[in-house]
Each structure stands twice: as structure tokens, then as C-alpha cells.
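Here the structure is laid out as C-alpha cells; the discussion comes afterwards.
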Amino acid sequence: MVGDGHRPAGEALRDAQDEAGVPPGVWRGRGLDAVGLTAGDVVGERQAELLLGEGRHPDADRIERERLEAGDDPAKARRATVLGRPIEHNRSPKTDKAKERKPWLGMDLTFRPPPTAHIAWALMDDETRRVLELCQDISVDKTLAWVGESVAQIRSGSGGKRRRQIRDGGLIVAVFRHYESRATESRPLLHDHAVVSIRARRPDEAGTWGNLSADTLLAHIVAADTLYLLFFMEEVSARLGWAWEPREVTPGHRPVMEIAGIDERLIGWQSTRRQQIEDALSVLVADYEEDHGHAPGERAGYALACKAADRTRPPKRKELRSLSELREGWRESAIVAFGADVVSRLAERASAAAAAVWARVRPVVDIVLAAVDVVAVVYVMRGAFKRHHLLAEARRYLSYVLRGRPHQAGLDERIVQTALDDYTRPVGQGRSVTADLSALYPRDTDDQAVLRPLTRKRSAPPYERARLAAGALTARVHATRRSERLNSRTRPHPVAVPGGLRPSRTDRKAGRGREQGTDVAALEQTRATIEAAATMAAKLQDGVRERAAARVAAPRPAPAASPPQHTHQPGVQPTSGRTLTGGVA
0 MVGDGHRPAG EALRDAQDEA GVPPGVWRGR GLDAVGLTAG DVVGERQAEL
50 LLGEGRHPDA DRIERERLEA GDDPAKARRA TVLGRPIEHN RSPKTDKAKE
100 RKPWLGMDLT FRPPPTAHIA WALMDDETRR VLELCQDISV DKTLAWVGES
150 VAQIRSGSGG KRRRQIRDGG LIVAVFRHYE SRATESRPLL HDHAVVSIRA
200 RRPDEAGTWG NLSADTLLAH IVAADTLYLL FFMEEVSARL GWAWEPREVT
250 PGHRPVMEIA GIDERLIGWQ STRRQQIEDA LSVLVADYEE DHGHAPGERA
300 GYALACKAAD RTRPPKRKEL RSLSELREGW RESAIVAFGA DVVSRLAERA
350 SAAAAAVWAR VRPVVDIVLA AVDVVAVVYV MRGAFKRHHL LAEARRYLSY
400 VLRGRPHQAG LDERIVQTAL DDYTRPVGQG RSVTADLSAL YPRDTDDQAV
450 LRPLTRKRSA PPYERARLAA GALTARVHAT RRSERLNSRT RPHPVAVPGG
500 LRPSRTDRKA GRGREQGTDV AALEQTRATI EAAATMAAKL QDGVRERAAA
550 RVAAPRPAPA ASPPQHTHQP GVQPTSGRTL TGGVA
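Numbering (numbering that gives the first Met the number 0), first residue to last: 0 to 584.
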């Protein structure tokens, strides 16, 4: 609430927030009505203390006072303010272990845009800053809505083994916005801390309260993160016209999506904290390799990165600086480092780079190719996996393919469902699945090169091997489709095209825009039209041959100036000047 810092006893919360240079928190979520709060209201100190510190109604003082005035005893009046089980339940005197139990009353979800967004937010004009903050607000709200509707579950039964969806997606969230990083020199880092209350209502008629399942939320953290970034990219592209492109931070690891046209030198200037962590991480990785004899895997690498971040974490600054002062200081620092031309032309270069990206990248999502790509990457990275792993990778795939263009609602779920139905098989006793290699790579083919990226080159990083596997399997899908076309066995493949694209010239003449998607019926109709045109062309060609044969067989007078006869190669159909075009990649 005060920028991860501390405040002296007796100092008002708002004064401490002003000194820390952070705005007051606000309430968000669909569960606010149940506790008498409104989205956008400022988070009061007493409200946060009651809800996030004691698991009670944020207006518990008034409720308890009214109950006491009505004649209730103090214990009953207090119990009426508790949402769900009181935290005093953990203070059992029976065992020492029970005395040490700490109640879990909230989870901090941190929403942080990519580094180039921080640069644009810090160095461009105030209007751009406000637009980027609006994009951040919308993306956070959409992601929290998905978490509440599709992820959050309430525990019930013995040991909390039974899980049920919460009522109406009703999460209660306190969001606190911070402006800068922990680097020794202040650097821009726009990010939000969304503190989700563990208390939520059950979907029964009485609307009783229970506790959220922590493991369910934690399992979907990566899927929520990729969804937030997808939403943020779309909002920025729609409101500012910028495009996105992948940037490789570490060779062989996943790239990150950045605003196209932003000078990469500014990324290094903004990410001084990241450089501190990487310097400490290199030492930890060297020690790990010396102790274990091999490079750390994905989980070990993540643990080492957390350790490096803790070791290099400096204290928060203590001097009072407003956002306008921070932005002025950041701009001066960037101009001194790279020149006024680099800073002043950020928006111009981003717009020019966006035009180049839109002209180069066609935003068509082939469901089958996307499912194959997602399965290959997740299989190489994890071996056995679950649905939420596929969902996170599908959203990364959409970010890379669409580059900020809007995606159809539910497109990520369609990709995941196709992957589960066609290219995976169950494994083990739980809900885990793995790649079905017999479906990705049928046994009746002899080209073993497709499977080599899946099994060889173990010295390469996992993500590099995953991209090799995805590329090989995607190439095989293309080869299979090409073979089917040559053998006249057409199979429709569903694709999705995001809305907002400019219609083609043919469509504009006909007065209609491009379809949002291409389904099986449309493809069948196109195939039937092409076959009918081919049949008509063949009949016309037969008529030409018959007339030519009749002219040859009939007696002719002495030729004067006979017109030239046009011939064609066997098996080649004459085509008209018009071509059939479609939206299928």
C-alpha cells in the first residue's frame, strides 16, 4: 500500500503513499457488491485490515456495532462479521504445530507489461502515458474476470478435496499501482499488484462464504500471465496503432514480445535491475554446474533466478518524488545517454515499424497448425502436461502470430481442444496427457527426420529443441496437405482471421468485408465451385477438339489464309485471367 516500504506509527496512509510516490489502491472484481464496495473506490486502511488481515467484512465495525445495539453478545456480533471460517480456528491449543499455523488470506498477482511499454510510458508525452495506463487497466480487469470465471474454485468437504466454481466469478481484489523498479538508479517500471482476497461466495442459494483453492490459482498463473500480455498487446495496437515483434533475450530461450521500432539500447537502459540479476545469476549457474555436472533445467533455473533476485534486491528509495518528477528525471537520463533525437522520435519510429510489420505478417491462424505447434513445444519442454500448460502456450502462439491484432473470443480454447482431441493421449493415473506421436507422426511413413528434433541434440536448450520439433512437424503437415491436393483429396482445415482487417479488393467491389472465419461448409462450397468450373472448362475443351476434328475431316478449298490453330499441352487446362482467392493460409 505504501510502495513495499514502511511508515512510522501514527502517520496517515495517504501521507505515506504521497511520500512513497504511489497512488492509493482501488477495489476491483465482480464480488464487490456482496460486501458493499464499488469498483474504483479507494482502498481504505481499515477496509484492507479487516478483509485482507482478518478475513472479515470490510465494514465489520458498523455491522458489529449494530449487532451489539440489537442485544447480541460480543462473540455472536463478531462472528456475524466474519466471511467464512474465522482465522481463530487456526489457534487451537492442542498442539504446538497448530499454534504456529498462519492464515492465508490473500494472493498478490503482479501485472507487468513488456520493457518497451515501460519506455514508451516513461519517455513519451502525457497523452500516450494515459493511453498506456488505460490499456493496463483494461488488460488487468479482463484477466481478473477470466480468473474468476474459469479458474477460481472454492474448497469444500474433508480436507478441501471437493472443488466448486465461485459464485458469478466474484473475486474481491485490491489493486495497487507502482511506477518504478528497485534498481539503484530509479528506472520506469509500470506494474500493478492485485491482492486477491481468499474469501469468495459459494454458488449456493444462501451465498455462504468459503476459501479459494490456492493450488488451482497457482497452477494457472502462467496461463493468466500470457492472457494478460495478449490483452495488453491488443489494446496498445488498437489505441496507438503499434505492432509487436519477438525479441530474444537469452539465446535458446523463449523470446519476449516488444513494441516494434523501440531502440533496443533503451531496453538496456531501462533494465538495469535485470542486468544486476543476470550478473548474479551467472555466478549461481556456474556453481550449480560445478556441483551437479550439468546445466540447470527449467525448474532449477527458475529457483536460481529467484535466488539471484533476492541477493541483489536493494532497498526502496526514501526521498519524495511525484510521477511528473520521475518522468522528467527519466527523460533527462535517456537524453544524456542516447541523445534527444532517439527520445523525441520514439512514437514516429514505432508507427513506421508497425506499418512494416502489418505489411509483412499475415494474421491468419490455422487451427491445426497451431495445435501441432503447441503440442510439440509443450511436449519437448515438459514431457507430460495438463490443459493449462497447453492453454498458456496457445496464447503465446497467438501473440506471436497476430502481433497485436485482436483474436476471436475462445480461439485459444479451440486450439487447446484440437490439440487434446487429435494429438495427445492420457498418461499416468491423474489428468496428465502427453503427445500422441502416432498421430503427430504416423507409423506408415519412412521419413525419420521428423522425429529427430524430438529426441536428439540434447545439448541444446529445451526451447530450441521445442522449436525444431514444432518446425519439423509443421513442415510435415504442409507436405501432407500438398499430397492431398495433388491426389484430389481435399480436406478442409479451419482457420481464424481476426476482426478489423481491411477487406480485399474483390470483397470491396462486392460490398462485403472479409469473414471472421472459414468453416467446413464454406470450404466445401469453394471446392464444389472449383470442381464445377473445372468440369465446364473440360466440356468446352472437348467441344473445341470436336469442332477442330470436323474441320480437318471436311473437304476444303485451296487454303488462302487460314487462321492459326492454338494447341495446348496434354493435361494442362486453359485458365482465364481471373483467379479464385480465399482467406485460407
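Quick reminder that beta carbons are idealized off the backbone N, C-alpha and C, glycines included. Quick caveat, the model's predicted, so the values are computed rather than measured.
Quick one: give me the first and last residue of the alpha helix (DSSP H) that residue 465 is part of. Walking along the sequence shown from the start, residue 465 turns up at place 466. Here the alpha helix (DSSP H) through residue 465 covers 461-485.
Top-ranked residue by Cα proximity to residue 161, from 201, 15 and 335: Position 162 of the sequence shown, counting from 1, holds the residue named residue 161. Comparing Cα positions, the closest option is 201.
Own chain residues within Cβ distance below 6 Å of residue 115, not counting five before or after: As a position in the sequence shown, residue 115 is number 116, starting the count at 1. Residues of the same chain with a CB within less than 6 Å of the CB of residue 115, apart from the 5 flanking positions on each side, are 257, 258 and 261 in chain order.
If the criterion is Cβ atoms closer than 8 Å, does the pair residue 379 and residue 465 meet it? For the purposes of this step, residue 379 is taken as residue 380 along the sequence shown, with counting starting at 1. For the purposes of this step, residue 465 is taken as residue 466 along the sequence shown, with counting starting at 1. One thing to note: residue 379 has its Cβ within 8 Å of the Cβ of residue 465.
Could you check which residue in 133, 363, 150 and 429 has the C-alpha nearest to that of residue 407? Taking the sequence shown and counting its residues from 1, the one referred to as residue 407 is at position 408. Of 133, 363, 150 and 429, the residue nearest in Cα terms is 363.
What number of angstroms, rounded off, separates the C-alpha of residue 7 from the C-alpha of residue 19? Here residue 7 corresponds to residue number 8 of the sequence shown, with the count starting at 1. Here residue 19 corresponds to residue number 20 of the sequence shown, with the count starting at 1. Approximately 13 Å between the Cα atoms of the pair.
Assuming residue 199 contacts residue 169 (C-beta within less than 8 Å), just tell me the rounded distance between them. Numbered from 1 along the sequence shown, position 200 holds the residue referred to as residue 199. Numbered from 1 along the sequence shown, position 170 holds the residue referred to as residue 169. Indeed, because the Cβ distance is near 6 Å, the residues count as touching under 8 Å.
Using three-state DSSP, classify residue 502 as helix, strand or coil. Translated into the one-based positions of the sequence shown, residue 502 becomes position 503. With a pLDDT of 40 at residue 502, under the threshold of 50, the modelled position of this residue cannot be trusted; read the value that follows with caution. If DSSP states are grouped into helix, strand and coil, residue 502 belongs with coil.
Flag this pair as yes or no: are the beta carbons of residue 467 and residue 371 separated by less than 8 Å? Residue numbering aside, residue 467 sits at position 468 when the sequence shown is read from its first letter. Residue numbering aside, residue 371 sits at position 372 when the sequence shown is read from its first letter. Taking 8 Å as the Cβ cut-off, residue 467 and residue 371 do not qualify as a contacting pair.
Can you say whether residue 26 is buried or exposed, counting buried as having 16 or more other CB atoms within 10 angstroms of its CB? By one-based count along the sequence shown, residue 26 stands at place 27. It counts as buried.
Any idea if residue 46 is buried or exposed, counting beta-carbon neighbours within 10 angstroms, 16 or more meaning buried? As a position in the sequence shown, residue 46 is number 47, starting the count at 1. Buried.
Closest residue to residue 221 among 386, 137 and 339 (Cα-Cα distance): Along the sequence shown, one-based indexing puts residue 221 at 222. Nearest of 386, 137 and 339 to residue 221, Cα basis: 386.
Any chance the region 65-74 sits against the region 37-53, with 3 or more Cβ pairs inside 8 Å? Judged by Cβ distances under 8 Å, the region 65-74 makes no contact with the region 37-53, as fewer than three pairs qualify.
Just the C-alpha distance for residue 10 and residue 28, rounded to the nearest angstrom, thanks. The residue labelled residue 10 in the question sits at position 11 within the sequence shown. The residue labelled residue 28 in the question sits at position 29 within the sequence shown. Residue 10 and residue 28: Cα-Cα distance of roughly 29 Å.
Would residue 153 pass as a contact of residue 211 if the rule is Cβ separation under 8 Å? The residue labelled residue 153 in the question sits at position 154 within the sequence shown. The residue labelled residue 211 in the question sits at position 212 within the sequence shown. Yes, these two residues count as a Cβ contact at 8 Å.
Hey, residue 434 and residue 423: beta-carbon distance below 8 Å or not? Along the sequence shown, read from residue 1 onward, the residue named residue 434 stands at position 435. Along the sequence shown, read from residue 1 onward, the residue named residue 423 stands at position 424. Against a cut-off of 8 Å, the Cβ pair of residue 423 and residue 434 comes out as a contact.
With burial defined as no fewer than 16 other Cβ atoms inside 10 Å of the residue's Cβ, what is the status of residue 305: buried or exposed? The residue labelled residue 305 in the question sits at position 306 within the sequence shown. Residue 305 should be labelled exposed.
According to DSSP, is residue 380 part of a helix, a strand, or is it coil? If you number the sequence shown from 1, residue 380 lands on position 381. The three-state reading of DSSP puts residue 380 in helix, counting H, G and I together.
Around the Cβ of residue 281, are there at least 16 other Cβ atoms within 10 angstroms (buried) or fewer (exposed)? For the purposes of this step, residue 281 is taken as the residue at position 282 of the sequence shown. It is exposed - the Cβ of residue 281 has fewer than 16 other Cβ atoms within 10 Å.
Cβ shell of residue 391 (< 6 Å), same chain only, five flanking positions each side left out: Residue numbering aside, residue 391 sits at position 392 when the sequence shown is read from its first letter. 221, 222 and 225.
N-terminal and C-terminal residue of the alpha helix (DSSP H) that residue 16 is part of: Within the sequence shown, residue 16 is the residue found at index 17, counting from 1. Here the alpha helix (DSSP H) through residue 16 covers 12-19.
Under the three-state reduction of DSSP, which class applies to residue 157: helix, strand or coil? In the sequence shown, the residue the question calls residue 157 occupies position 158. Three-state DSSP puts residue 157 in a helix.
With DSSP collapsed to three states, give me the class of residue 165. Along the sequence shown, one-based indexing puts residue 165 at 166. DSSP places residue 165 in coil when its eight states are reduced to three.
Could you spell out the range, first to last residue, of the beta strand (DSSP E) harbouring residue 258? Here residue 258 refers to the residue found at position 259 when the sequence shown is read from its first residue. That run of the beta strand (DSSP E) goes 255-258.
Measuring only the C-alpha atoms, how far is residue 401 from residue 134? As a working note, residue 401 is residue 402 in the sequence shown. As a working note, residue 134 is residue 135 in the sequence shown. Approximately 18 Å, taken between the alpha carbons.
Using the Cα positions of residue 278 and residue 320, report the straight-line distance between them to the nearest angstrom. Taking the sequence shown and counting its residues from 1, one reaches residue 278 at position 279. Taking the sequence shown and counting its residues from 1, one reaches residue 320 at position 321. Using only the alpha carbons, I get a separation of about 29 Å.
Nearest-angstrom Cα distance between residue 574 and residue 480? On the sequence shown, residue 574 is found 575 positions in, with the first residue counted as 1. On the sequence shown, residue 480 is found 481 positions in, with the first residue counted as 1. Legend: pLDDT at residue 574 = 37, less than 50; position of this residue unreliable, no value from coordinates given.
Per-residue DSSP class, three states only, for residue 69: On the sequence shown, position 70 is the one that residue 69 refers to. The answer is coil: DSSP assigns residue 69 none of H, G, I, E or B.
In its own chain, which residues sit with a C-beta less than 8 Å from the C-beta of residue 458, not counting the 5 before and 5 after it? For the purposes of this step, residue 458 is identified with residue 459 of the sequence shown, where counting begins at 1. Non-local beta-carbon contacts of residue 458 in its own chain, meaning distances under 8 Å to residues more than five positions away in sequence, are absent.
For residue 333, count the other beta carbons within 10 Å of its own beta carbon; 16 or more makes it buried, fewer makes it exposed. Which is it? Start at 1 with the first residue of the sequence shown, and residue 333 comes out as number 334. With 16 or more neighbouring CB atoms inside 10 Å of its own CB, residue 333 falls in the buried class.
Assuming residue 165 and residue 144 are in contact, meaning their beta carbons sit under 8 Å apart, how far apart are those beta carbons, in whole angstroms? Looking up residue 165 in the sequence shown gives position 166. Looking up residue 144 in the sequence shown gives position 145. Taking a contact as a CB-CB distance under 8 Å, the pair residue 165 and residue 144 does not count as one, their CB atoms being some 12 Å apart.
Exposure of residue 477, with buried meaning 16 or more beta-carbon neighbours within 10 Å: In the sequence shown, counting from the first residue as 1, residue 477 sits at position 478. Exposed, because fewer than 16 other Cβ atoms sit within 10 Å of the Cβ of residue 477.
I need the DSSP call for residue 103, collapsed to helix, strand or coil. As a first step, residue 103 must be located in the sequence shown, where it is residue number 104. Residue 103: coil per DSSP, three-state reduction.
Per-residue burial, residue 291 [other beta carbons within 10 Å of its own, 16 or more giving buried]: Taking the sequence shown and counting its residues from 1, one reaches residue 291 at position 292. Flag for residue 291 reads exposed.
Kindly indicate the opening and closing residues of the alpha helix (DSSP H) around residue 132. Position 133 of the sequence shown, counting from 1, holds the residue named residue 132. In the DSSP assignment, residue 132 falls within the unbroken alpha helix (DSSP H) covering 125-145.
Under 8 Å by Cβ, that's how I've got residue 80 and residue 56 pegged, so tell me the actual separation to the nearest angstrom. Here residue 80 corresponds to residue number 81 of the sequence shown, with the count starting at 1. Here residue 56 corresponds to residue number 57 of the sequence shown, with the count starting at 1. Between residue 80 and residue 56 a beta carbon distance of about 5 Å is seen, short of the 8 Å cut, so the two are scored as contacting.
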